[in-house]
Amino acid sequence: MPPSESSPATVAPITRPGTRHAPRIQPGPPEARRHYPATARNRDPIRAVLTRVLPEGGGVLLELASGSGEHAAALGPALPAGWTWRPSDGDEPSARAAATLLAEAAPARVEAPVLLDVSDRPWPANAVEGVAAMAAINLVHIAPWAVTGALMAEAGAALPVDGVLYLYGPYRVGGRHTADSNAAFDASLRRQDPAWGVRDLEAVVDEAARHGLILVETVAMPANNLSVILRKAGV
Ligand SMILES: C[S@@+](CC[C@H](N)C(=O)[O-])C[C@H]1O[C@@H](n2cnc3c(N)ncnc32)[C@H](O)[C@@H]1O
Numbered sequence: 229m230p231p232s233e234s235s236p237a238t239v240a241p242i243t244r245p246g247t248r249h250a251p252r253i254q255p256g257p258p259e260a261r262r263h264y265p266a267t268a269r270n271r272d273p274i275r276a277v278l279t280r281v282l283p284e285g286g287g288v289l290l291e292l293a294s295g296s297g298e299h300a301a302a303l304g305p306a307l308p309a310g311w312t313w314r315p316s317d318g319d320e321p322s323a324r325a326a327a328t329l330l331a332e333a334a335p336a337r338v339e340a341p342v343l344l345d346v347s348d349r350p351w352p353a354n355a356v357e358g359v360a361a362m363a364a365i366n367l368v369h370i371a372p373w374a375v376t377g378a379l380m381a382e383a384g385a386a387l388p389v390d391g392v393l394y395l396y397g398p399y400r401v402g403g404r405h406t407a408d409s410n411a412a413f414d415a416s417l418r419r420q421d422p423a424w425g426v427r428d429l430e431a432v433v434d435e436a437a438r439h440g441l442i443l444v445e446t447v448a449m450p451a452n453n454l455s456v457i458l459r460k461a462g463v
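Oh and the sequence shown: position 205 is 433 in the numbering used here, straight run, nothing missing.
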């Protein structure tokens with residue numbers, strides 16, 4: 229039986245080898261670009277929350293599952309002084325799409341994308357170098373539950389105390405979908421891949437807590453999505 233979010237995602241302790249290196253992806257031809265229309269609708273609300281919850285002091289914000297790179301292009305320049313946006317994706321064509329967009333748009337404070345599969349642990353040291361925050365927008369429900377476990381384990385290991393993990397997407401709350409449209413979306417995700425699906429917020433928060441990441445806030449977002457803000461606890 230596949231693991232479900234009612235059980236902890238079992239993850240091994242981390243030992244970060246110095247030898248693995250996450251490659252920076254080079255831009256492709258213009259047709260390598262992708263366009264996700266939802267980004268135009270959610271980028272401003274995400275910007276407002278994300279810039280408010282970033283820890284003081286600056287650092288690198290590692291974006292997991294950047295997809296088209298449109299969030300990096302729109303949000304990177306809005307980061308406060310001292311911050312840099314590092315896009316990444318586990319899928320090379322997606323990372324190339326982001327690299328192509330970002331090479332053309334040349335937004336301030338945005339690095340070239342890194343090829344990084346969240347579930348391929350431990351993450352290479354160069355992917356997490358200088359990281360003080362992470363963001364995963366529309367990943368948790370469009371990936372197997374084990375990816376959330378890997379995300380929490382790596383974020384818990386790599387973030388400094390007070391570092392922030394920002395999640396955006398739809399969640400069930402109290403065992404229920406928050407809207408009929410989310411229930412329909414969940415069913416369509418599970419038809420595409422039985423390992424995908426809208427997760428229970430409480431299961432995600434429990435998984436995070438197992439790795440020292442504490443829920444500080446949820447914020448209702450457009451189209452029945454949530455911002456989920458987790459912070460690395462002190463020792
Ligand atoms: C729905 S897209 C979201 C893209 C973007 N964050 C957005 O909201 O427009 C999901 C992305 O997750 C990436 N992804 C899925 N599983 C992944 C994994 N294990 N590691 C890294 N990226 C992954 C896919 O390649 C895809 O780009």
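Beta carbons: idealized from backbone N, C-alpha and C, even for Gly. Keep in mind it's a predicted model, so treat the numbers as computed, not measured.
What are the partner residues of LEU290, as DSSP defines its beta bridges? ARG314, MET362
Where VAL447 falls: helix, strand or coil (DSSP): strand
Identify the residues that DSSP records as bridge partners of LEU458: which are they? Answer by DSSP bridge pairing, in chain order: LEU393, LEU443.
Reducing DSSP to helix, strand and coil, say where VAL463 ends up. In this structure, VAL463 counts as coil in the three-state DSSP scheme.
Indicate whether GLU291 and ALA363 have their beta-carbon atoms separated by less than 7 Å. yes
Quick one: what's ASP428 bridged to in DSSP? ARG400
Could you check where the alpha helix (DSSP H) with GLN420 kicks off and where it finishes? 408 to 420
ARG252 in three-state terms, based on DSSP: strand
Kindly list the residues whose CB is nearer than 7 Å to the CB of ILE457, restricted to its own chain and excluding five residues on each side of it in sequence; keep chain order. VAL281, VAL392, TYR394, VAL444, GLU445
Close Cβ partners of ALA448 (< 7 Å) along its chain, the five nearest in sequence each way excluded: LEU454
Answer with buried or exposed for VAL401, where buried requires no fewer than 16 other C-beta atoms within 10 angstroms of its C-beta. exposed
Going by Cα to Cα distance, which pick from THR267, ARG271, LYS460, VAL338 is closest to ARG252? VAL338
Between which two residues does the alpha helix (DSSP H) carrying GLY377 extend? Boundaries of the alpha helix (DSSP H) harbouring GLY377: 373 to 386, taken from the DSSP string.
What does a CB cutoff of less than 8 Å around TRP424 pick up in its chain, not counting 5 residues either side in sequence? These residues qualify, in order along the chain: HIS369, ILE370, ALA371, PRO372, LEU417, ARG418.
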